[in-house]
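Sequential numbering from 43 applies to the sequence shown in the working numbering. Cβ coordinates follow ideal geometry from the N, Cα and C atoms, glycine included. Read the structure below first, then the notes.
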Amino acid sequence: MTAVAPDESRRTALVAADAAEDKLATDVVVLHVGPVVGLCEYFVLATGSNDRQVKAIVDAVEERVAEEIGERPRAVEGADARRW
């Protein structure tokens, strides 16, 4: 696994949050968890009102991160079941 610079991790999280907001996600939060988790630097949490919106949010985040950062998110929890 290649280490990612902290600034790049932060930028990736903010790009993901912006993409979620563009799809009208609510309760969008970027949590800096690196000092306590160790597995990653940031969690991006967002709420969708129904399955279709959640899928649209996930797709938008994956697409925007790929376009602007050049890679796919490493994990998207809850995407398959449309809930977490």
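> Checking contacts by CB at 9 Å: is residue 90 closer than that to chain C?
Replying inline: Checking the listed chains, one finds no chain C in this structure; it contains a single protein chain.
>> Classify residue 43: buried if its beta carbon has 16 or more other beta carbons within 10 angstroms, exposed otherwise.
In response: Taking the sequence shown and counting its residues from 1, one reaches residue 43 at position 1. With a pLDDT of only 44 at residue 43, under 50, the local geometry of the prediction cannot be trusted, and no value is derived from it.
> Under three-state DSSP, which class holds residue 88?
Replying inline: Within the sequence shown, the letter at position 46 stands for residue 88. Residue 88 falls in the strand class under three-state DSSP.
> Roughly how many angstroms lie between the CA atoms of residue 88 and residue 64, to the nearest whole one?
Replying inline: If you number the sequence shown from 1, residue 88 lands on position 46. If you number the sequence shown from 1, residue 64 lands on position 22. Straight-line Cα distance between these residues: approximately 12 Å.
> Which word fits residue 106, buried or exposed, when buried means at least 16 other C-beta atoms lie within 10 angstroms of its C-beta?
Replying inline: Counted from its first residue, the sequence shown places residue 106 at position 64. Counting Cβ neighbours within 10 Å, residue 106 comes out buried, since at least 16 surround it.
>> Suppose you measure from the CA of residue 53 to the CA of residue 82; what does that come to, to the nearest Å?
In response: Reading the sequence shown from its first residue, position 11 is the one you call residue 53. Reading the sequence shown from its first residue, position 40 is the one you call residue 82. Computed Cα separation, rounded: 13 Å.
> Does DSSP classify residue 43 as helix, strand or coil?
Replying inline: Taking the sequence shown and counting its residues from 1, one reaches residue 43 at position 1. Because residue 43 carries a pLDDT of 44, less than 50, the predicted location of this residue cannot be relied on, and the following value inherits that uncertainty. Correct three-state label for residue 43: coil.
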